[in-house]
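Under the working numbering, the letters of the sequence shown match residues 1 to 217, in that order. Using N, Cα and C, we set each Cβ at its ideal position, and we do this for glycine too. What follows is a short report on a single structure.
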Amino acid sequence: MAGHNKWSKIKRKKSVADAKRSQIFSRIIKEITVAVKEGGSGDPDFNPRLRLAVANAKGVNMPKDNVERAIKKALESGNAAYFQPTYEGYAPGGVAVFIECATDNLKRTIASIRAIFNKKGGSLSTSGSVEFLFERKGIFVIPKGDHNLEELELELIDGGAEDLDFDPDSGDITVTVDFPDFGKMQKKLDDLGIEPKSATLERIPTTTTSLGLEDAK
Numbered sequence: 001m002a003g004h005n006k007w008s009k010i011k012r013k014k015s016v017a018d019a020k021r022s023q024i025f026s027r028i029i030k031e032i033t034v035a036v037k038e039g040g041s042g043d044p045d046f047n048p049r050l051r052l053a054v055a056n057a058k059g060v061n062m063p064k065d066n067v068e069r070a071i072k073k074a075l076e077s078g079n080a081a082y083f084q085p086t087y088e089g090y091a092p093g094g095v096a097v098f099i100e101c102a103t104d105n106l107k108r109t110i111a112s113i114r115a116i117f118n119k120k121g122g123s124l125s126t127s128g129s130v131e132f133l134f135e136r137k138g139i140f141v142i143p144k145g146d147h148n149l150e151e152l153e154l155e156l157i158d159g160g161a162e163d164l165d166f167d168p169d170s171g172d173i174t175v176t177v178d179f180p181d182f183g184k185m186q187k188k189l190d191d192l193g194i195e196p197k198s199a200t201l202e203r204i205p206t207t208t209t210s211l212g213l214e215d216a217k
């Protein structure tokens, strides 16, 4: 029975890991779709946003075939509308939530989001109600490689870096830039010959809230 229980735990852990991996891949596929439609090209060399999406796909070990299929599907969908709505609300405990979406069906998306809020005891709010509680930042994760750390940090600061966090275990540097400097940092990394492992735009809360155990669940 002990062996059986151990195998059951392993299967459960694998199922959770697979589910998370699937969610990440779905998000990357949407990034690729939006990049192709907005950039008008399926070639990363001529579509900077697609180049970033492909880099993010590599960063999460998405198979190359998946990436190529996503690009092909986006190209074949032609002028089919793809929307990027945002929604705002509050989770239990008064935690502000800002949601960015990419969808081809607005009605289905808002219905799904409203259902999640209702199920978890939260509430959707009006546009602008919580956006001011977040700052939009660009987050790059790059390999240090053979660069001298101090010299590289100076170059990154010149490229608009607000914050730098070096992880000696992985050898990666997390670079934070203000939203308007996102393109500036991209160019700086290109000039340095550094391909980011990931490059994303994120909403960073200006303040955080401590939650009790029940609200955190």
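Practice problem: Could you check if Arg-69 is buried or exposed, using at least 16 other CB atoms within 10 Å of its CB as the buried criterion? | Solution: exposed
Self-check item: Candidates Val-95, Phe-132 and Arg-136: closest to Leu-123 by CA position
Solution: It is Ser, not Leu, that sits at residue 123 in the sequence shown. It is Val-95 whose Cα lies nearest to the Cα of Ser-123.
Quiz item: What are the uninterrupted segments assigned as beta strand (DSSP E) that are 3 or more residues long and contained completely in the stretch 80–152, given in chain order?
Solution: 86–91, 95–100 and 134–143
Quiz item: How big is the Cα-Cα spacing for Asp-190 and Gly-159?
Solution: 11 Å
Self-check item: Rounded C-alpha distance that separates Lys-71 from Val-36
Solution: The displayed chain sequence assigns Ile, not Lys, to residue 71. When rounded, the distance between both Cα atoms is 7 Å.
Quiz item: So Asp-43 is in the beta strand (DSSP E); what residue range does that whole segment cover?
Solution: Note, Asp-43: premise wrong, no beta strand (DSSP E); not H, not E.
Self-check item: C-alpha distance - Pro-85 paired with Phe-179, whole-angstrom precision
Solution: 18 Å
Exercise. Provide the residue span of the alpha helix (DSSP H) that contains Leu-211, from first to last.
Key: Unbroken run through Leu-211: none, as it is neither H nor E.
Exercise. Report the option in Thr-33, Thr-206 and Lys-197 whose CA atom is closest to the CA atom of Val-60.
Key: Lys-197
Quiz item: To which residues does DSSP link Ser-198 through a beta bridge?
Solution: Val-141
Quiz prompt | Beta-carbon spacing of Phe-134, Thr-206 below 8 Å | solution = yes
Quiz prompt | Residue range of the alpha helix (DSSP H) that includes Phe-182 | solution = From DSSP, the alpha helix (DSSP H) with Phe-182 extends over 182–192.
Practice problem: Could you tell me the boundaries of the alpha helix (DSSP H) in which Asp-65 lies? | Solution: 64–76 is the span of the alpha helix (DSSP H), which, as asked, contains Asp-65.
Quiz item: So, using beta-carbon positions, are Gly-42 and Leu-75 closer together than 8 Å?
Solution: yes
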